[in-house]
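To keep things clear, I will list the structure first and then write my remarks on it.
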């Protein structure tokens, strides 16, 4: 009988070419480097977005939330984020103590691309104040990529219930968001979230801009009725 011969390098017994094992390792290493570089780029982008200085006000948040819902409302990672944002706003509405929304930085880097990340940061940061005292760093500069790192925001005192209502009007209902089969992102902190030494919030004030509720009309109707009853003397 003939002596057994091993198949050529890269060829299995059936004659199928499987490629060089070393090149497979090289491609896997290259793929790992690519994903590592991508992750590093995302963390760096998130850090830059968080460092941007801008004014927090109701109008800016209203515009940013509307933009996010319009552009990303149907994206896979948007429903949990919007559920968390809605829960945060509803928890603050009517309260005299500040509440905070605490969530993992990975929410911003793993839920969508860089445009999603930018618009999501704007949706919260254009209206809420960053609360580094609730992020668990204890004064240390913990990297955003650290598993224990958290981000926290709370609404400033200038936000009134009417402003909150306007922002909420731009977010789909809880029932509609829950149809995606997910829960809210993050945690709502109620106790200990009020800034030390800050005055209590003014709850239940500030009607929604553009309000057409009936309560807004009686004074106007009274004035109009009074004007119709004025008697103008006529000379004979």
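Residue numbers (this note's numbering): 5 to 240.
Positions of the beta carbon are idealized from the N, C-alpha and C atoms, including for glycine.
- Rounded to the nearest whole angstrom, the CA to CA distance from residue 69 to residue 173 is 10 Å.
- When DSSP assignments are scanned along the segment 152-212, the uninterrupted stretches of alpha helix (DSSP H) that are 4 or more residues long and fall wholly within it turn out to be 165-172 and 178-182.
- Distance from the CA atom of residue 54 to the CA atom of residue 126, rounded to whole angstroms, is 9 Å.
- Burial state of residue 98 is exposed, judged by a 10 Å Cβ sphere holding fewer than 16 other Cβ atoms.
- Residue 90 is a Cβ neighbour of residue 175, given a cutoff of 8 Å.
- About 5 Å separates the beta carbons of residue 168 and residue 93, which is inside the 8 Å limit, making them a contact pair.
- A Cβ-Cβ contact shorter than 8 Å links residue 87 with residue 187.
- Within its own chain, the residues whose Cβ lies closer than 7 Å to the Cβ of residue 76, once the five positions on either side in sequence are excluded, are 82, 116, 120 and 123, listed in chain order.
- In the three-state DSSP reduction, residue 126 falls in the helix class (H, G or I).
- In the DSSP secondary-structure assignment, residue 105 is bridged to 157 and 192.
- The DSSP-derived three-state label of residue 137 is helix.
- When rounded, the separation of the alpha-carbon atoms in residue 129 and residue 27 is 46 Å.
- Secondary structure of residue 99 (DSSP, three-state): coil.
- In the DSSP annotation of this structure, the continuous segment of the alpha helix (DSSP H) that includes residue 64 starts and ends at 62-76.
- By the C-beta density criterion, residue 171 is buried, having at least 16 other C-beta atoms within 10 angstroms.
- A check of alpha carbon separations from residue 202 across 46, 85, 145 and 160 identifies 160 as the nearest.
- Collapsing the DSSP output to three states places residue 79 in coil.
- Straight-line measurement puts the Cα of residue 48 at about 36 Å from the Cα of residue 204.
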